[in-house]
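Heads up: the structure comes next, in structure tokens.
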Amino acid sequence: MTMSTARPETFLGRAAHCCGVVTLLALSLACQSRTRADAGELRVVLHPPDGAARPAYVEITGLDDEGLSAVRSRAADEAAMSSLFRVSVADQTDASLPDIAGRYAVNGRSVTFTPRFPFDAGRAYRVRFDRARLGTPDQNAIVTSIVRLPAAATRAEAEVVAIHPAAPVVPENLLRMYVEFSAPMGSRQAADFVRLIDRTTGQDSVVEEAFLPVEADFWSRDHRRYTLFLDPGRVKRGILPNRARGRPLRAGRAYALDIAAEWPDEHGQPMKRAFRHEFKAGPAVTSGIDASAWRIAPPSPGTRDRLAVDFDRALDHAVAARALGVEQNGVAVAGAGTVEPGDTRWVFVPNAAWQPGAYRLTAQPFLEDPQGNQIGRAFEVLVDTPRDPNPEPFRVPFVVGANTVQR
Amino acid sequence: MRSRFARFAAVLGFVVIIGYAPAVQPVITAASGPQLQSIGPLTFGPDGTLYAADSAAATIYAINLGQNGGGKPGTASVDAIDQKVAALLATDAKEIAIADLAVHPSTKNSFLAVMRGQGANAKPALVRVDGAGAVTLVNTDALSFTSVALPNVQKGDAQRTQSLTQVKFAEGRVWVSGLSNEEFASKLWSIPYPFTKGDAGTSLEIFHDNHRQLETRAPMYAFVPYAINGQPYIVGAYTCTPLVKFPVSELKPNSGSKYRGTTIAELGAGNRPIDMIVYSKDGKEFLLMANTRRGVMKIPTAAFASAAPITTPSNTETAGVPFEKITAMTDIQQLALLDATHSVVIRGAASALALNAVALP
């Protein structure tokens, strides 16, 4: 059933004093009548959204013929309509705040207001219809009503479900970590909710200014994953922040990534619980990825057995998932690839059975490890190291039909 | 108080490689108005064209505002700007984020890029503040526009996003910086305007070196075009170092060439420039830079041309370009040039923001 929670609001001050007829009705659709109301009896109804087809809107009914005619004559004048029929956020105390931007329409015997941006669930809105502006002396009443849509569920549902890299030891020159959530999160950035803790001594101490302080949006499209960038100015060797403060992570020390439960989800609710991910830092990994050292376990022909590729190191969990593929005769093989936990192995299951013959594993040139190292090129290289401006994917051949592990 | 940059005096070079042929067909002109998925960085061209960066779609829109370009001329200060914008958008100040601020070149009205709502459901809005302090929503439904998809943006899965951090117009081109939420991308895009099908622009891969020893890719996140000795430069900041300059004249699309620029100053860890503007006062030019943690800095640009490249680390604070800290300008969230004598800023803490016209220091 459609909910409309228009509620009477006490009339105040001059408006009440000067108004002749004031009618406030709280309506739901169950009692909404399409018959013509008595003159002067206005109804305010908030119609909830109809899925994606139509947003919620406010409807005024009960205008008599003269009133309707007067409204129609003003319908094209947005300024006139917005002084006649005002809708605003109700819980604001500042009278100087503007009314809600929206569109007006006269449909049959009703006048509607549809906000440019949909009404929030549970938020109270004030509707004010000023018949004095219609110029009819006996209908100079101001009608106000408070309306609201039903509140959304307010239960804490989200929690952190994974951190990448998940390994117990990560290189001290780590550039980024991914935090995965069980439910879509809001828009807030990590700064207020995530801390890097040094727990080497057994007592927690916060590693200050560990993360990149940029107000860029590092959420995934679905807001279920956030990318934490360690401050690259501290990670890169020789740059002032690095020389002044060192890397945020230092080999041999023990850390925790603390994520506060207050980080709000898309409904503004906190998470179910806080999350702590404990790990240690190991030696920096400062060499390029050596794809020639990857071990490929070819599947058997005629099967859809998985192809397994063991890397020379842990790769970036997200980048590896979209940078790797398989091709045969230059054509991509359809199938599903997965980066296994630990990010040191990629497995691929083809949609159709493997055919005997030559295949190639393809790795796109943007493939990185979490330290920013690429295939054949370290993140930090000697200055003026040549770089191909149009790099091709790296290809590692393997043969289906052979039973030996290939290199 | 006068201070100086770079206690350790690194003047760091960086290198740009021009990479990749344009791969994306640009340009749509439609009568139905721009269908932005998100709105972030804004800038105006000298003719009043509004360039709006849509990170979600990795697209730049060039919008003709028409009659929406101006209410009462100028920009009046507006207290509680976030609350007023939120009220206009039927919500609470906690539910909006003001992503950028730009000033129309002729009407001097201010335009705000606003995301309304949370998470994946947030929607873009364009809001205007005029000389009477009126805060109005710009209805983009019927505005004419052209757009271009940024070239060479990786087609990732649902997880990868391209966060565009700044857009500027100079030398007949739209310049765009951005960060990826996955690989350590270092793209700076340069797209000729008007957008054409024949040239979708170029993505430049930026490198940065420390004292001619090690170099890395280096994403740019804030910059301003600026002419030094009559030559166009980009003065910008990277995620790893605050302020660098490089000439744009040598950017030859698809040449694969490298060239080196110069770091002008370092601000140290934990601080990043937010916005930069260039202005003239008393016959001199200055760069005004708002920072996350180190306030607003006024930097005479005369030194930009004469600063000698430093190729070895220095431990003195006096090296680098001198600056003056503007103590009267605090808590700056957004900074734009209003006119010859004023900037316009958004200042304050979350849910208590003010839009102020502030005299240029």
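Protein chains in written order, with our numbering: chain V, 258 to 664; chain P, 6 to 366. For each residue, glycine too, the CB sits at the ideal point set by N, CA and C.
Residues of the region 452-485 of chain V whose Cβ lies closer than 9 Å to any Cβ of chain P, in chain order: Glu465, Glu466, Leu469, Pro470, Val471, Glu472, Ala473, Asp474, Phe475, Trp476, Ser477, Arg478, Asp479, His480, Arg481, Arg482, Tyr483 and Thr484.
Contact of P/Tyr66 with chain V by beta-carbon distance below 8 Å is absent, the smallest such distance being about 18 Å. In chain order, Pro422, Leu487, Val492, Leu506, Ala538, Pro627 and Gln628 place their CB closer than 8 Å to the CB of V/Leu431, counting only its own chain and leaving out the 5 sequence neighbours on each side. Collapsing the DSSP output to three states places V/Gly459 in coil. Take P/Arg133, set aside five residues on each side of it, and the residues of its chain with a beta-carbon closer than 6 Å to its own are Asn114, Phe116, Thr141 and Val143, in chain order. Interface flag for V/Gly379 against chain P is unset, since no Cβ pair is found closer than 8 Å. In the DSSP annotation of this structure, the continuous segment of the alpha helix (DSSP H) that includes V/His574 starts and ends at His574 to Ala580. At a cut-off of 8 Å between beta carbons, P/Ser60 contacts chain V.
Remark: C-beta atoms of P/Gly50 and P/Phe200 do not approach each other more closely than 8 Å. Under the 10 Å beta carbon count, V/Arg561 is surrounded by fewer than 16 other beta carbons and is classified as exposed. Using a 10 angstroms sphere on the CB of P/Gln72, the tally of other CB atoms stays under 16, which defines it as exposed.
At least one C-beta of chain P is nearer than 8 Å to the C-beta of V/Ile357.
In the structure shown, P/Glu100 adopts helical secondary structure according to DSSP, grouped into three states.
Contact check for V/Val590 and V/Pro607: beta-carbon distance about 5 Å, within the 8 Å limit, so the pair qualifies. Closest by C-alpha distance to P/Ser285, out of P/Leu106, P/Phe189, P/Ala125 and P/Ala364, is P/Ala364. Taking a Cβ-Cβ cut-off of 8 Å, the neighbours of P/Leu142 in chain V comprise Ala358 and Arg373, given in sequence order.
Here the alpha carbon of V/Arg300 sits roughly 5 Å from the alpha carbon of V/Thr318. In the structure shown, P/Ile44 falls within a coil segment according to DSSP collapsed to helix, strand and coil. Counting other Cβ atoms within 10 Å of its Cβ, V/Asn499 reaches 16 or more and is therefore classed as buried. DSSP places V/Asn430 outside both helix and strand once states are collapsed to three, so it counts as coil. Restricting attention to beta strand (DSSP E) runs no shorter than 3 residues, the region 114-140 of chain P encloses them at 115-121 and 128-134, ordered along the chain. Taking a Cβ-Cβ threshold of 8 Å, the residues of chain P close to V/Gln349 are Gln88 and Ala92, in chain order. Here the C-alpha atom of P/Ile86 lies approximately 35 Å from the C-alpha atom of P/Val326.
Cβ-Cβ separation between P/Ser185 and P/Arg165: approximately 7 Å, consistent with a contact (criterion under 8 Å). Shown here, V/Val346 sits in a strand according to DSSP, grouped into three states. Ranked by Cα distance from P/Ser191, the options V/Asp641, V/Arg329, V/Thr642 and V/Phe623 are led by V/Phe623. The criterion of a C-beta distance shorter than 8 Å is not satisfied by P/Gly353 and P/Ala362. Considering only beta carbons, the part of the region 320-353 of chain V lying closer than 7 Å to chain P consists of Ser345, Val346, Gln349 and Asp351, in chain order. In this structure, the straight-line span from the alpha carbon of V/Val346 to that of P/Ala92 is close to 6 Å. Collapsing the DSSP output to three states places V/Ser477 in coil.
Within the same chain, Cβ atoms closer than 7 Å to the Cβ of V/Pro425 are found at Phe536 and Lys537, the five residues on either side in sequence being excluded. For the C-beta of V/Pro441, the chain P residues within less than 7 Å are, from N- to C-terminus, Gly124 and Ala125. Assigned with DSSP and collapsed to three states, P/Asp87 falls in helix. Checking the DSSP bridge columns, you'll see P/Lys250 partnered with P/Val240 and P/Thr267.
Spatial neighbours of P/Val119 in its own chain (CB-CB distance under 8 Å, excluding positions within 5 residues in sequence) are listed in chain order as Ile44, Val90, Leu94, Ile101, Ala102, Ile103, Ala104, Pro129, Ala130, Leu131 and Val132. Cβ neighbours of P/Gly122 within its own chain (closer than 7 Å, five residues either side excluded): Glu100 and Lys128.
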